[in-house]
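See structure below.
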Amino acid sequence: MPGNAAERQQLEEWYRQYGAALRLFAASLTGERSRSQDAVQQVFARLLEQGGLRQIADPRPYLFTAVRNAVWSGLPRPERNLAIDPSQAWFAPPRQDYFAELNLRRALVQLPEEQRQAVVLHVWGELTFAQIGEVLGVTLNTAASRYRYALSKLREAMAHQEDTRVERK
Amino acid sequence: MSNENDEEFVLYLRQFRPLAPPPARYQRPPVWFAAAAALLVAASLVWLFLRPVADPAAGPLTLRAAQAAVVGAESWDDLLTRLEPPPPVYFERSAFTILSKETIKP
């Protein structure tokens, strides 16, 4: 197998540490879990094949950028309003509240794509606004602005869905 | 919209943990898996070499073999011994051997 032992170990560590957030980020772009997993696998397989991990100063923005490129490359860009499969969860919700999990997914896909990316990268990717700007190719201020708008809309959407659930009870 | 509210909401959102991805396809199998596979191969090889093998000379009883046994036999017991298949590994004597020596009173 390609890649020396040290690089393989490093990649395994990165996969363990960032894999879940990377797949979530890809899913937020595609709406699909399987396609998102393929994108993440593609990135790590290519890194293993090409090597040169020592040249990567900061793995986090690098990996998220690579996943974003893997999602877009050679595939038709998903439509603005993603369709999600209710049965394919993206998260393990607190207290196994899968109703809330579905609400969160719905709220996320309703966001404009650039805002969705910003909020996923910051909340679950734990990237700084500078790093988000690097991934999205925008300035730090633009990244922060998109994030704030996204958070506001997300909160509003989830509050509304929660009210709907309460009314149904 | 206050920063404090934002922080609380972000903390709430982070309670939703992204699902762990499956193992990367390039990842090597765990050490225990390789060890178990090696053990299985070794055990198979040992079994192949040490398993009890039926005497190829025994074979099924044919008319020729029976005639040859009759010709060479010095007694009835001797004949039965010649025709008797090799004893199985797990038993000291075959039932045939035991029954052939049984004396039946008229």
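Chains A and B are the protein sequences, given in the same order. For the first sequence, our numbering begins at 1114 and goes up steadily by one. For the second sequence, our numbering begins at 15 and goes up steadily by one. We treat Cβ as the ideally placed atom computed from N, Cα and C, and that holds for glycine.
- The beta-carbon separation of residue 1157 of chain A and residue 1234 of chain A, rounded to 19 Å, does not stay under the 8 Å limit for a contact.
- Under the three-pair Cβ rule at 8 Å, the region 1122-1130 of chain A counts as touching the region 1150-1164 of chain A.
- When C-beta atoms of the region 1176-1185 of chain A are compared with those of the region 1257-1271 of chain A, fewer than three pairs fall below 8 Å, so the two segments do not count as touching.
- With a 10 Å radius around the Cβ and a threshold of 16 neighbouring Cβ atoms, residue 1147 of chain A comes out exposed.
- CA-CA distance, residue 1239 of chain A to residue 1151 of chain A, rounds to 22 Å.
- For residue 39 of chain B, there is no enclosing alpha helix (DSSP H), as DSSP gives it neither H nor E.
- Note on residue 61 of chain B: under 16 other CB atoms within 10 angstroms of its CB, so exposed under the neighbour-count rule.
- Annotated three-state conformation of residue 34 of chain B is coil, per DSSP.
- Within the region 1225-1240 of chain A, contact with chain B at the beta-carbon level (separation under 7 Å) is assigned to 1236, 1237.
- In the three-state reduction of the DSSP assignment, residue 79 of chain B falls in the helix class, which pools H, G and I.
- Residue 36 of chain B is positioned such that its CB atom lies no closer than 8 Å to that of residue 1203 of chain A.
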